[in-house]
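Here's the structure, in structure tokens; my notes come after.
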Amino acid sequence: MVRYLRRATLSGLESAGAFERARMSRWRRERLLILCYHGVSIADEHEWRPRLYMRPESLAQRFELLRNRGYSVLPLPIALERLYENDLPPGSVALTFDDGAYDFYQSAYPLLRQYQLPATVYQTTYYADYQKPVFNLISSYMLWKRRGSVLEPDGKLPLRQRMDLRTEEGRQSVVSELMAFAAKENLSGREKHEIAGHLAEFLEIEWESLLDKRILHIMSPQEIAEVSASGMSVQLHTHRHRTPLDEERFRKEVSDNRKRIEEITGSAAVHFCYPLGNYERQFLTWLRLEGVRSAVTCDAALASSDSHPLLLPRWVDASARSLIEFEAWLSGIGHLLSRRGKRRYIPQTALDYQGGRLGLRSAR
Ligand SMILES: [Zn+2]
Numbered sequence: 001m002v003r004y005l006r007r008a009t010l011s012g013l014e015s016a017g018a019f020e021r022a023r024m025s026r027w028r029r030e031r032l033l034i035l036c037y038h039g040v041s042i043a044d045e046h047e048w049r050p051r052l053y054m055r056p057e058s059l060a061q062r063f064e065l066l067r068n069r070g071y072s073v074l075p076l077p078i079a080l081e082r083l084y085e086n087d088l089p090p091g092s093v094a095l096t097f098d099d100g101a102y103d104f105y106q107s108a109y110p111l112l113r114q115y116q117l118p119a120t121v122y123q124t125t126y127y128a129d130y131q132k133p134v135f136n137l138i139s140s141y142m143l144w145k146r147r148g149s150v151l152e153p154d155g156k157l158p159l160r161q162r163m164d165l166r167t168e169e170g171r172q173s174v175v176s177e178l179m180a181f182a183a184k185e186n187l188s189g190r191e192k193h194e195i196a197g198h199l200a201e202f203l204e205i206e207w208e209s210l211l212d213k214r215i216l217h218i219m220s221p222q223e224i225a226e227v228s229a230s231g232m233s234v235q236l237h238t239h240r241h242r243t244p245l246d247e248e249r250f251r252k253e254v255s256d257n258r259k260r261i262e263e264i265t266g267s268a269a270v271h272f273c274y275p276l277g278n279y280e281r282q283f284l285t286w287l288r289l290e291g292v293r294s295a296v297t298c299d300a301a302l303a304s305s306d307s308h309p310l311l312l313p314r315w316v317d318a319s320a321r322s323l324i325e326f327e328a329w330l331s332g333i334g335h336l337l338s339r340r341g342k343r344r345y346i347p348q349t350a351l352d353y354q355g356g357r358l359g360l361r362s363a364r
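Residue numbers for the sequence shown follow my numbering, beginning at 1 and rising by one.
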């Protein structure tokens, strides 16, 4: 009902010309909308995680709208520089894609090229070098494929509890048990991959076919290099998608990630994205010490020149969002109608997928 009312309100505002007025306002001109995308489906990932994934057709619809309504899509480093110099063009937007998954390469990258849009990819690197599916995500996806079942685990799986796959909560508790086992035994990537293989066999899922499609894989170094050479900006997202609370470990995640990205792309990586949108006060100091110039969260708002460069808000777009909501956020109306104080957004994902003013001008 709330959703229905919200859409009806947005439609009313749009037909009354409010979107257009907001879009052209001075208020909007002083602001930048940073859009966040997580995944663009290769198969049915948007049905598994509608708040994180989107079909390529929906992404094309978004791009069409950006083009037809005259929005200015800027590369993020340039957009930030212009934001802090109060020099943005009307309707400024920057596109960002988290994780650098293979689905970006397969489903989003061709569309970006077709529409000639610049984007920033926040690249996690451990699974770029280890070309297997991300363990907790593929486990969660396969359990979702067998949703509705209640199963007794066999001896090959390190599970004690009955597997109740009827609810998201039940499936998540199986993933958590697998993750806890892997952490306790300090399993290598290869050992975790073996467990995922057993799980596939147990659930009667065609493992080889999932691996062939490269669902829930990260881009290979060659693919990352290609994306970067075509003009996309490849930036920091930690090596193993982790933000440890210990300074040394946190900074190593950032420096390992940067080193690998710079080796692959030959370009500097100084823009950061908090994995899962999680941030703590002490991270700001550590990021500065690592030479990071900007960092984005998943808190929904438009960025202004008052925004802290290491706490830049973004609006997360996915299957669960309607086209009119997307348009409302482009125009600025979405920001104006959003509830203050409820902005912090934690993406609904498996728990620990382990893994201007700051000299932005020189950071292109
Ligand atoms: Zn991420």
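Positions of the beta carbon are idealized from the N, C-alpha and C atoms, including for glycine.
What residue range does the alpha helix (DSSP H) around residue i cover?
i	result
Val175	Glu168 to Lys184
Ser209	Trp207 to Lys213
Asp256	Glu247 to Thr265
Gln365	Any property of residue 365 remains undetermined from this structure, which presents the chain solely from 1 to 364.
Val121	Where Val121 is concerned, there is no enclosing alpha helix (DSSP H), although the beta strand (DSSP E) it sits in stretches over Thr120 to Gln123.
Leu76	Leu76 to Tyr84
Ala303	Neither: Ala303 is in no alpha helix (DSSP H) and is coded neither H nor E.
Leu287	Arg281 to Leu289
Ser294	Run containing Ser294: none in the alpha helix (DSSP H); it sits in the beta strand (DSSP E), Ser294 to Val296.
Compute every distance between the C-beta of residue i and the non-hydrogen atoms of ligand 1, then say whether any falls below 6 angstroms.
i	result
Pro158	no
Asp103	no
Asp164	no
Asp98	yes
Pro90	no
Pro244	no
Pro275	yes
Among residues of its own chain, excluding the 5 on either side of residue i, which ones have a beta-carbon nearer than 7 angstroms to its beta-carbon?
i	result
Phe181	Pro158
Leu13	Phe19 and Ile333
Arg31	Leu302, Ala303, Ser304 and Gly332
Trp286	Glu247, Phe250 and Arg251
Spatial neighbours of residue i within its chain, please: CB distance less than 8 angstroms, with the 5 preceding and 5 following residues excluded, ordered by chain position.
i	result
Asp130	Per the sequence shown, residue 130 should be read as Tyr rather than Asp. Gly189, listed in sequence order.
Arg321	none
For the beta strand (DSSP E) that contains residue i, what are its first and last residues?
i	result
Phe63	Note, Phe63: premise wrong, no beta strand (DSSP E); alpha helix (DSSP H) at Pro56 to Asn68.
Arg330	Here the sequence assigns Leu to residue 330, which means Arg is not the residue at that position. That residue, Leu330, is in no beta strand (DSSP E); its alpha helix (DSSP H) goes Leu323 to Ser331.
Ile365	Only positions 1 to 364 of the chain appear in this structure, which leaves residue 365 out of reach.
Ala318	Per DSSP, Ala318 belongs to no beta strand (DSSP E) and is neither H nor E.
Phe272	His271 to Cys273
Asp99	Ser92 to Asp99
Leu236	Ser233 to Leu236
To the nearest whole angstrom, what separates the beta carbons of residue i and residue j, a pair I think is in contact under 8 angstroms?
i	j	result
Gln123	Ile224	6 angstroms
Val73	Leu59	About 13 angstroms; that fails the 8 angstroms criterion.
Ile218	Asp99	7 angstroms
Phe97	Tyr4	Actually they do not touch by this definition, with Cβ atoms about 31 angstroms apart.
Tyr71	Leu330	6 angstroms
Ser230	Arg67	Wrong, their Cβ atoms sit about 19 angstroms apart, outside the cutoff.
Leu143	Val175	7 angstroms
Phe202	Thr243	Not confirmed; about 32 angstroms, so no contact.
Cutting at 6 angstroms between CB atoms, please list the residues of its own chain near residue i, excluding the five before and the five after it.
i	result
Leu115	It should be pointed out that residue 115 corresponds to Tyr in this sequence rather than to Leu. Cβ neighbours of Tyr115 beyond the five flanking positions: Phe63.
Ala271	Here residue 271 is His; the residue named in the question, Ala, does not match the sequence. Contacts found: Gln235 and Ser294.
Phe104	Phe97
Pro118	Pro75
Leu151	Met163
Pro133	Leu216 and His217
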